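If you're matching them up, the sequences are chains A and B in order. Note that the numbering used here has the first sequence beginning at 30, numbered continuously upward. Note that the numbering used here has the second sequence beginning at 30, numbered continuously upward.
Protein chains: 2
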Amino acid sequence: MAHALPVSPLARPLPELGVIRGVRLGAAEAGIRYKGRTDLVLAEFAPGTTVAGVFTQSKCPGAPVDWCRAALPHGLAGALVVNAGNANVFTGRAGHQTCQATAEAAAKLAGCPLNTVYLASTGVIGEILPHERLTAALPALHDSLSETGWEAAARGIMTTDTFPKAAIRTATLNGTTVTIQGIAKGSGMVAPDMATMLAFVATDAALPAPVLQSLLSEQTKTTFNCITVDSDTSTSDMLLLFATGAAQNPTVAADCDALTDPTLGAFRAALHAVLRDLALLVIRDGEGATKLMSIQVSGAVSNDSAHKVAMAIGNSPLVKTAIAGEDANWGRVVMAVGKCGEPADRDTLSVSIGGVCIARNGTVVTGYDETPVVAHMKGQDIDIAVDLGLGSGTAQIWSCDLTHGYIDINGSYRS
Amino acid sequence: MAHALPVSPLARPLPELGVIRGVRLGAAEAGIRYKGRTDLVLAEFAPGTTVAGVFTQSKCPGAPVDWCRAALPHGLAGALVVNAGNANVFTGRAGHQTCQATAEAAAKLAGCPLNTVYLASTGVIGEILPHERLTAALPALHDSLSETGWEAAARGIMTTDTFPKAAIRTATLNGTTVTIQGIAKGSGMVAPDMATMLAFVATDAALPAPVLQSLLSEQTKTTFNCITVDSDTSTSDMLLLFATGAAQNPTVAADCDALTDPTLGAFRAALHAVLRDLALLVIRDGEGATKLMSIQVSGAVSNDSAHKVAMAIGNSPLVKTAIAGEDANWGRVVMAVGKCGEPADRDTLSVSIGGVCIARNGTVVTGYDETPVVAHMKGQDIDIAVDLGLGSGTAQIWSCDLTHGYIDINGSYRS
Chain A
30 MAHALPVSPL
40 ARPLPELGVI
50 RGVRLGAAEA
60 GIRYKGRTDL
70 VLAEFAPGTT
80 VAGVFTQSKC
90 PGAPVDWCRA
100 ALPHGLAGAL
110 VVNAGNANVF
120 TGRAGHQTCQ
130 ATAEAAAKLA
140 GCPLNTVYLA
150 STGVIGEILP
160 HERLTAALPA
170 LHDSLSETGW
180 EAAARGIMTT
190 DTFPKAAIRT
200 ATLNGTTVTI
210 QGIAKGSGMV
220 APDMATMLAF
230 VATDAALPAP
240 VLQSLLSEQT
250 KTTFNCITVD
260 SDTSTSDMLL
270 LFATGAAQNP
280 TVAADCDALT
290 DPTLGAFRAA
300 LHAVLRDLAL
310 LVIRDGEGAT
320 KLMSIQVSGA
330 VSNDSAHKVA
340 MAIGNSPLVK
350 TAIAGEDANW
360 GRVVMAVGKC
370 GEPADRDTLS
380 VSIGGVCIAR
390 NGTVVTGYDE
400 TPVVAHMKGQ
410 DIDIAVDLGL
420 GSGTAQIWSC
430 DLTHGYIDIN
440 GSYRS
Chain B
30 MAHALPVSPL
40 ARPLPELGVI
50 RGVRLGAAEA
60 GIRYKGRTDL
70 VLAEFAPGTT
80 VAGVFTQSKC
90 PGAPVDWCRA
100 ALPHGLAGAL
110 VVNAGNANVF
120 TGRAGHQTCQ
130 ATAEAAAKLA
140 GCPLNTVYLA
150 STGVIGEILP
160 HERLTAALPA
170 LHDSLSETGW
180 EAAARGIMTT
190 DTFPKAAIRT
200 ATLNGTTVTI
210 QGIAKGSGMV
220 APDMATMLAF
230 VATDAALPAP
240 VLQSLLSEQT
250 KTTFNCITVD
260 SDTSTSDMLL
270 LFATGAAQNP
280 TVAADCDALT
290 DPTLGAFRAA
300 LHAVLRDLAL
310 LVIRDGEGAT
320 KLMSIQVSGA
330 VSNDSAHKVA
340 MAIGNSPLVK
350 TAIAGEDANW
360 GRVVMAVGKC
370 GEPADRDTLS
380 VSIGGVCIAR
390 NGTVVTGYDE
400 TPVVAHMKGQ
410 DIDIAVDLGL
420 GSGTAQIWSC
430 DLTHGYIDIN
440 GSYRS
């Protein structure tokens with residue numbers, strides 16, 4: 030189980046966390062599945078907090094995903110309840126009832142409307158989540174909430190994660206300094222198709238929900254949607270962004286063009302940095318990972334095509350095992366490009382590893398010296414670059430290697 | 030390397046092999062990469078032998094694939110040369126030159142036109158294949174050819190394979206008994222998108238090339254294109270079918286409808302059985318495999334959609350590691366259905382393992398008793414059935430589990 034796993038060699042220490050005025054949070058032991066660790070997180074938001082969210086595109090989403098999707102159009106958030114150990118997925122009517130009971134308990138404690146409560150669950154699929162465990166633990170947890178509960182929350186949402194994950198940035202918005210801080214979990218079943226397993230970001234900026242949503246949807250494409258551990262998209266992926274408004278920056282119009290408005294420039298950059306940090310931390314805790322792969326594709330017929338090629342490389346078991354074995358087996362990169370169905374031409378393709386161009390124009394570079402590439406492969410950060418030589422489409426994605434650790438973790442996850 | 034691997038627990042002994050009149054074959058040690066084992070196979074076909082072939086859909090195909098594609102429209106086969114240890118892929122002009130020199134040597138020995146020589150290579154990608162090794166070994170190999178060389182050929186084309194693979198059937202064709210016999214190799218980089226790594230089938234039936242091609246293309250869809258070891262489609266996939274005509278059955282018209290003509294009924298069935306046998310033998314030698322998964326999908330909106338759903342299950346690392354761990358983790362099957370992008374509805378979905386219906390209508394079956402499923406998971410043959418409840422589309426595919434053995438083999442393939 031999660032607590033028995035050694036910490037990922039790619040782990041990063043938590044950054045120095047701040048507070049987000051308007052957010053109080055904490056964690057408790059609800060005994061859902063794990064023993065001797067926290068598994069329930071509650072956050073309470075100041076009145077007027079706006080919210081944006083992106084969710085898994087799975088056709089079999091969890092009950093909490095359904096719940097949050099229904100709440101999101103209201104645009105306001107009063108509370109967030111997250112549990113680890115049981116994903117409340119494929120649990121039918123019982124799953125919805127658990128959501129309803131949990132949200133009612135949280136709304137009562139936080140004094141907020143039911144449709145401003147957000148719910149997330151992560152863990153085993155297909156087992157009924159007994160809401161009594163959650164609702165029994167919530168009152169004492171509510172009494173303990175504080176603005177400094179971020180680390181406790183980051184730890185309370187872990188499953189097979191081996192280290193807690195958080196990121197923080199500040200930005201100037203309309204002349205006011207605002208902070209953006211977030212936490213994430215995710216280690217396996219990571220190939221987000223809207224957001225990763227679970228990630229929660231808050232800011233004290235005052236921003237209308239449509240602006241938040243526009244920024245979050247756009248930036249997810251180049252952060253969480255560009256990571257993969259095992260190509261298996263979760264039923265529970267959820268990324269929520271809360272804005273409390275406590276920084277009291279001058280009003281930003283709800284109908285501004287969030288993606289281009291210069292007022293939002295610094296905020297956009299800071300938010301993107303937080304999302305990218307969190308996404309990379311998830312990869313750094315990929316189940317069994319020992320290497321972080323950064324894959325850049327250029328020369329594709331479109332950015333979308335480049336993304337698909339990059340994902341084919343990042344998801345290839347043969348590429349991932351070669352990286353694990355520190356083997357600069359670039360032929361497997363060629364294989365992955367060739368198989369993925371996107372426009373590619375063997376004779377205009379080039380492949381570089383660690384900045385060294387290995388193959389070009391359909392064959393190995395004359396006099397290719399593997400020495401620097403072998404040295405690069407022994408490091409933790411592996412850079413693979415592919416140019417398709419067809420157009421101007423580019424993409425960057427991140428993945429990790431495939432090791433015995435992944436087999437160990439996933440051959441016995443439920444037992 | 031290949032010869033050091035323990036034999037797959039799913040291995041099957043070779044069937045009692047026959048001869049195909051009009052085919053003489055054998056194997057030799059050319060020292061291409063392996064030591065102390067055969068790695069070069071030559072087959073010679075009687076004049077008038079017709080041929081059909083299907084090839085990888087990879088955008089980065091090997092030079093031998095290019096060669097065979099160019100030869101195929103002529104419809105006749107005089108010789109086949111196969112080597113193991115080097116795939117002659119992404120080798121540019123040198124790769125084509127190796128093909129040309131090898132084919133010229135084989136054509137001279139067999140006394141056949143150059144465009145009736147077929148070539149196949151399997152092994153490492155991106156290294157120049159020195160044709161001198163092949164052409165030096167061919168004359169003595171040619172002297173040794175015999176009608177009983179099938180087992181030697183099955184062994185000579187192995188790479189990470191742990192056992193040789195062959196299949197045989199007989200059928201009555203226009204009142205004449207004909208035999209179909211074939212060999213295959215493939216263990217990793219197996220997710221055929223037209224044919225698997227390498228498979229060669231011969232029959233003494235007299236059949237025009239267009240009839241052969243029609244049968245082969247159609248039957249590949251339900252045999253080799255329905256297996257996956259690791260979702261990584263090879264650059265070298267090739268399945269060739271040769272018909273020597275030595276059985277002297279009454280003529281079959283080249284323009285008959287090969288897929289429905291009743292004359293061909295028994296031959297179609299026998300050919301399909303040979304192709305299915307060979308495809309399943311490849312899965313039984315999947316790198317590191319300890320379990321054979323059979324995945325049936327029904328109730329899809331189309332057969333094509335059912336196939337994609339089945340492949341998503343069969344390729345999911347989380348499903349495959351659960352099977353390896355003998356864990357009836359049906360939630361991961363739900364995840365794989367949900368992620369694959371095909372029409373699916375959580376609330377009409379049902380999942381069965383080992384014939385036991387576990388989940389239905391969006392939740393676990395009331396009173397689900399895991400005992401028989403746990404017993405089924407301990408066996409070697411794992412049956413997973415999914416009904417989407419949407420339409421009448423069906424598909425069946427085969428996969429294998431993902432174990433430490435796969436990591437061992439692929440973290441050090443080149444070293």
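Think of the CB as a built atom: it goes at the ideal place given N, C-alpha and C, for glycine as much as any other residue. Every value quoted in this text rests on a predicted model; they were computed, and no experiment measured them.
At a cut-off of 9 Å between beta carbons, residue 157 of chain A contacts chain B. Where residue 386 of chain A is concerned, the enclosing beta strand (DSSP E) starts and stops at 385-389. Residue 348 of chain A carries a helical assignment under DSSP once its states are collapsed to helix, strand and coil.
Within the DSSP bridge table, the entry for residue 427 of chain A names A:256, A:323 as partners.
Along the stretch 301-335 of chain A, there is no position whose C-beta sits under 8 Å from a C-beta of chain B. With fewer than 16 other CB atoms across the displayed protein chains lying within 10 angstroms of its CB, residue 35 of chain A is exposed. Boundaries cannot be given for residue 87 of chain A, as no alpha helix (DSSP H) includes it and DSSP labels it neither H nor E.
In this structure, the beta-carbon distance from residue 367 of chain A to residue 85 of chain B falls below 9 Å. Annotation for residue 284 of chain A: 239 place their beta carbon closer than 8 Å to its own, counting only its chain and skipping 5 residues before and after. At a beta-carbon threshold of 7 Å, the residues of chain A lying near residue 153 of chain B are 360, ordered along the chain.
Between residue 374 of chain A and chain B, the shortest Cβ-Cβ separation is below 9 Å. Using a 10 angstroms sphere on the CB of residue 266 of chain A, the tally of other CB atoms reaches 16 or more, which defines it as buried.
The bridge partners DSSP lists for residue 214 of chain A are A:227. Distance check between residue 248 of chain A and each of A:304, A:228, A:198, A:217 places A:304 closest, using alpha-carbon atoms only. Each of A:291, A:272, A:216, A:175 was checked against the Cα of residue 204 of chain A, and the nearest Cα belongs to A:291.
Fewer than three beta-carbon pairs drawn from the stretch 374-391 of chain A and the stretch 333-341 of chain A are found closer than 8 Å, and the two stretches are therefore not classed as touching.
Within the model, the alpha-carbon separation for residue 134 of chain A versus residue 146 of chain A is close to 10 Å. When C-beta atoms of the stretch 255-275 of chain B are compared with those of the stretch 68-79 of chain B, three or more pairs fall below 8 Å, so the two segments count as touching. The C-beta separation of residue 116 of chain B from residue 153 of chain B comes to about 6 Å, placing the pair in contact by the 8 Å criterion.
Distance between residue 171 of chain A and residue 139 of chain A, taken at the CA atoms: about 8 Å. If the five residues before and after residue 313 of chain B are omitted, its C-beta is found closer than 7 Å to the C-beta atoms of 37, 39, 40, 41, 321, all from its own chain and listed in chain order. Using a 10 angstroms sphere on the CB of residue 107 of chain A, the tally of other CB atoms reaches 16 or more, which defines it as buried.
Collapsing the DSSP output to three states places residue 435 of chain A in a helix. Fewer than three pairs of CB atoms, one per stretch, sit closer than 8 Å, so the stretch 119-137 of chain B makes no contact with the stretch 191-199 of chain B. Residue-level contact by beta carbon fails for residue 411 of chain A and chain B, as no gap is shorter than 9 Å. Proximity of residue 128 of chain A to chain B, defined by a Cβ-Cβ separation below 9 Å, is not satisfied.
At a cut-off of 9 Å between beta carbons, residue 180 of chain A makes no contact with chain B. Neighbours of residue 115 of chain A in chain B, taken as residues whose beta carbon is under 8 Å from its own, are absent, since the nearest beta carbon is some 11 Å off.
By the neighbour-count definition (other C-beta atoms within 10 Å, threshold 16), residue 409 of chain A is an exposed residue. For residue 160 of chain B, the closest Cβ of chain A is not nearer than 9 Å. Not a single CB atom of chain A sits nearer than 9 Å to the CB of residue 61 of chain B. In the three-state reduction of the DSSP assignment, residue 72 of chain A falls in the strand class.
Spatial neighbours of residue 141 of chain B in its own chain (CB-CB distance under 7 Å, excluding positions within 5 residues in sequence) are listed in chain order as 107, 108. With a contact defined as Cβ atoms closer than 8 Å, residue 70 of chain A and residue 186 of chain A qualify at about 6 Å. For the stretch 260-324 of chain B, the full-length beta strand (DSSP E) segments reaching 3 residues or more read 267-272 along the chain. Here residue 404 of chain A is exposed: its Cβ has fewer than 16 other Cβ atoms, across all protein chains shown, within 10 Å.
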